[in-house]
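Visitor: Quick one: the structure is below, and I'll ask about it shortly.
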Amino acid sequence: MDPLEASGHDARALFSEPRVLEAGYGSTLELAFRSVVDTLGFAPGSPELVLERVFRHCRDGLYQYLFIRTNEKRALEILTRLETEMLSDETLLAPPGPRAKLFARARVELKGAVEPRFAPDDSVWWRRSGSRRAYLNGLAKLRSSLDAREFEIAELVHTRRLRHEEIAYLLGEPVEAVESTLLEVESRAIALLGEYPGSYSGTLGGALLEAFALRGSIRPPNRKAPILKDGDVVAGRYRIERHLGAGASADVYRAADLEVPDHIVALKLFRRPAADEAAREAALREMRLIASVSHPSVVQFKDHGWHEGRAFFVMPFYRGETLRERLRRGPLSRMEAKRIFVPLAEALATMHRSGVRHQDIKPENIFLARFHEDEDGEILPVLLDLGVAAKDAENVLAGTPNYFAPEIAARFAREPDPPHITNKADVFSLALALRNALSPSAEEGVPGGAVDAFIKYRARFAPEPPEGEDLAYLAPYFERWLNLAPDARPDAEELARELAILSAPEERRARTVAMLRWLVPTVVMLVGLFGAAAFALSKEADLQRLEAERAREIAALERSRAEEARQRASRVREDLDQALEASRALEADIARLEEAYQSSRLTRQELAAKLARAEGELTLLAQQHEETTRRLNYELRRTREARDGLKAELEEAQASLSEEKASLEAERHRSSELVNELASTRGDLEEAKGRISALEQTITAVRTSLENEIREAAARERDLRDEIARRDAEIRALSAPQR
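End of the sequence shown = 765 in our numbering, gap-free, step of one.
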């Protein structure tokens, strides 16, 4: 049973529902395969295609199963050999199915049971924070307490997701023996971890899943050889220069266009030849979707054709790197993310207006095309790979589980009443790619073999906002963009506008700097105006004072000259010379003041007008500041009210959770009582069966005795009849007249 489904049930029931296990794993593969087959036109009866899809679904889990029991090189060798053999062996489709037979062959390759090598891992996707030491130590103790057989059975059930019947086939044992071992493992897990351990789901099933899961990065490399070699010419026009990469169904090459000198293109060639008309239509489907959308940030369609029965199409060759490759050097800055994701959101809006959903948006499918060699050059983000894209009327379930929207995950997980799949699924995937680009450490990695658990987790829980102090203000926006409910998310056009928030701090800073650049010169000018006015008024006052003093000095000199002509004749001449020199100095000062006064070109009226304007502007600034303060205070009050409301809701939710836990405990206790009653009833039933059997034997004996008595009575009756007949004859003989 999937650990998320096991939440809240008695732990002893985890291993008692193989049908749920079968639905939990097989349904994901079957649902995706049938969805793609029905819509894209594949031949569902093709054994090779079925086996290829089964192997692709099991590949990571099988590799980790081998990796735990051998080394990396040996695990990859076995995996490669199994893939080569199974794709041509149709007997794998016979019961109990390809998964069981695939793991059985892997077991043979390992030459019997091998002691597993395992170490605790702290990077599984469902653990983000909090203390893990005690919990991880408990998992390590659980693993070390198991022998190789117990370890293998627990791993195959909880991490590789095999059914009990498949494991019984694998080990050559009865199903009852497998279930008995699982119950023993569960008992040890409860003893070491408790019934509510610190797993992602808070359940024992979640802990058992984590106990045997390696981190998702331990996966096998893709070593499929490309179909074309360097130098091959396709359609007589495109000469292959080198293999660029491979996807799920096609290879991409760099090629030279022989008809256009020095022109390089990207050529995508499907690996599987088109066997019939339906397959040809399916191969042409991606080309039609690309051709129906025209936007610089959506890969453009240039040419197409057929090469040895395989479809190919030609696209522009972009120099650059994928977003995934860029993120290996570190996270994007907010400004860099805005330059990349705004055009992508606009491209999505164009696709959606054309009636096309992409359905596989992820860093690997976002290419950062550069038009210059330097890293700081212009970047054109381009959406690649429309291989699983869908028209609005189509209901294709496809994509990459890490980037599933919750509504898609809900359909894969067979959740009740899942939301309809709309274009908002693309918005979710793009927003999640943005979250992971800003905060790569937040990206979830799916452990090999635990795909179904992750899909159910995604269907029920929204991703967390990006981490980091400078990204904290984005949390409300990511809660909207990554909301579980599609209707709560913006459409792609709205998202493109809302992404402006990525540069909001820088824009606020720029506005502040611009205001300061205007305000500082204004203040300096006002200070200069005040200074010039004060200087001019001061000089005018000095001039008037000097003129008054000069008049007083002249009058004093005249009186002195009359009164002291004879006594101070020589001093008068001397004083007169000094007065003349002072007069010349004063005249020079007056000339300088007049020149400064004229050069300023400011009359008192002009100064008054400028001062009035400055005071008005300062008043306006003060009003703006007051208005901003009022608005911030209003927002602060709203934030505090929202905080108080959320706090109340949290307290209510905690109270509700406590009630639910109490109810759950009561249900668990009642379930235990029912199990005991069932056991007692089974004993009574067995006792009743014994009594019934004894009664049946007694009835049989009585029936036999009665039948014997009936036969004896019948014989006696015959004898009596014969005796009566004989006596009647004698009587008749006696009563007859004598002759």
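We put the beta carbon where it would ideally sit given N, CA and C, even for glycine.
(1) Can you check which of these residues, 205, 183, 215 and 483, is closest to residue 432 by C-alpha distance?
(2) Check this for me: beta carbons of residue 239 and residue 264, under 9 Å apart or not?
(3) Sort out for me which residues DSSP pairs residue 279 with in a bridge.
(4) With a 10 Å radius around its C-beta and 16 neighbouring C-beta atoms as the bar for buried, classify residue 429 as buried or exposed.
(5) Could you pull the start and end residues of the beta strand (DSSP E) that residue 470 belongs to?
(6) Tell me whether residue 393 sits in a helix, a strand or coil according to DSSP, three-state version.
(7) Counting pairs of beta carbons, one from the segment 372-383 and one from the segment 296-303, are three or more of them closer than 8 Å?
(8) Just to confirm the assignment, what range does the beta strand (DSSP E) spanning residue 124 have?
(9) With respect to the alpha helix (DSSP H) encompassing residue 106, which residues constitute its N-terminal and C-terminal limits?
(10) Let me check understanding here. Comparing Cα to Cα, which of 451, 466 and 501 lies closest to residue 513?
(11) Going by other Cβ atoms of all chains shown within 10 Å of its Cβ, with 16 needed for buried, is residue 94 buried or exposed?
(12) Evaluate the contact criterion for the segment 340-350 versus the segment 381-400: three or more CB pairs, one atom per stretch, below 8 Å.
(13) Hey, residue 277 and residue 268: beta-carbon distance below 9 Å or not?
(14) With a cut-off of 9 Å, does the C-beta of residue 202 fall near any C-beta of chain D?
(15) From what residue to what residue does the alpha helix (DSSP H) around residue 164 run?
(16) Do residue 219 and residue 161 have their C-beta atoms within less than 9 Å of each other?
(17) Determine the closest residue to residue 411 out of 189, 324 and 331, with distance taken between C-alpha atoms.
(18) Checking 9 Å against the spacing of the C-beta atoms, do residue 87 and residue 214 come in under that value?
(19) I need the straight-line Cα distance from residue 517 to residue 449, nearest angstrom please.
(20) Leaving out five residues before and five after residue 223 in sequence, what residues of the same chain have Cβ atoms less than 6 Å from its Cβ?
(21) Report the partner residues of residue 348 according to the DSSP bridge assignment.
(22) Quick one: Cα of residue 179 to Cα of residue 208, how far?
(23) For residue 131, which residues in the same chain have their Cβ closer than 7 Å to its Cβ, ignoring the five residues on either side in sequence?
(24) From residue 342 to residue 458, what distance separates their C-alpha atoms?
(25) Would you list the one or two residues that DSSP bridges to residue 331?
(26) Under the rule that 16 or more other beta-carbon atoms within 10 Å means buried, what is residue 421, buried or exposed?
(27) Just list the residues that DSSP pairs residue 406 with in beta bridges.
(28) In chain order, which alpha helix (DSSP H) runs of at least 4 residues are fully inside the segment 419-467?
(29) When burial is assigned at 16 or more other CB atoms within 10 Å of the CB, is residue 99 buried or exposed?
(30) Taking only three categories from DSSP, how would you classify residue 318?
Guide: On the basis of the supplied data:
(1) Among 205, 183, 215 and 483, the Cα nearest to that of residue 432 belongs to 483.
(2) No, they are not a contact pair.
(3) The partner list for residue 279 (beta bridge, DSSP) reads 269 and 293.
(4) Buried: at least 16 other Cβ atoms inside 10 Å.
(5) Note, residue 470: premise wrong, no beta strand (DSSP E); not H, not E.
(6) Strand, per DSSP.
(7) Contact between the segment 372-383 and the segment 296-303 is absent, because fewer than three Cβ pairs lie under 8 Å.
(8) Counting along the chain, residue 124 falls outside any beta strand (DSSP E), though it belongs to the alpha helix (DSSP H) covering 124-135.
(9) Per DSSP, residue 106 is one residue of the alpha helix (DSSP H) stretching across 98-112.
(10) The residue from 451, 466 and 501 with its alpha-carbon nearest to that of residue 513 is 451.
(11) The C-beta of residue 94 has 16 or more other C-beta atoms within 10 Å across all chains shown, which makes the residue buried.
(12) Here the segment 340-350 makes contact with the segment 381-400; the two share three or more CB pairs at distances below 8 Å.
(13) No, Cβ-Cβ distance for residue 277 and residue 268 is not below 9 Å.
(14) In the structure shown, chain D cannot be found, because there is only a single protein chain.
(15) For residue 164, the enclosing alpha helix (DSSP H) begins and ends at 159-170.
(16) Cβ atoms of residue 219 and residue 161: closer than 9 Å.
(17) Restricting attention to 189, 324 and 331, the CA atom closest to the CA of residue 411 is found in 324.
(18) Judged by their CB atoms, residue 87 and residue 214 are not nearer to each other than the 9 Å cut-off.
(19) Distance between the alpha carbons of residue 517 and residue 449: 7 Å.
(20) Correct list, in chain order: 233.
(21) Listed as beta-bridge partners of residue 348 by DSSP are 393.
(22) A direct Cα-to-Cα measurement between residue 179 and residue 208 gives close to 7 Å.
(23) Excluding positions up to five away in sequence, the list reads 108.
(24) Here the C-alpha atom of residue 342 lies approximately 27 Å from the C-alpha atom of residue 458.
(25) For residue 331, which the question treats as bridged, DSSP gives the partners 338.
(26) For residue 421, the predicted structure reports a pLDDT of 49, less than 50, and the residue's modelled location is therefore unreliable. The matter cannot be settled from this model.
(27) DSSP lists 395 as partners of residue 406.
(28) Correct list: 432-438 and 450-464.
(29) Exposed is the call here.
(30) Reduced to three states, the DSSP call for residue 318 is coil.
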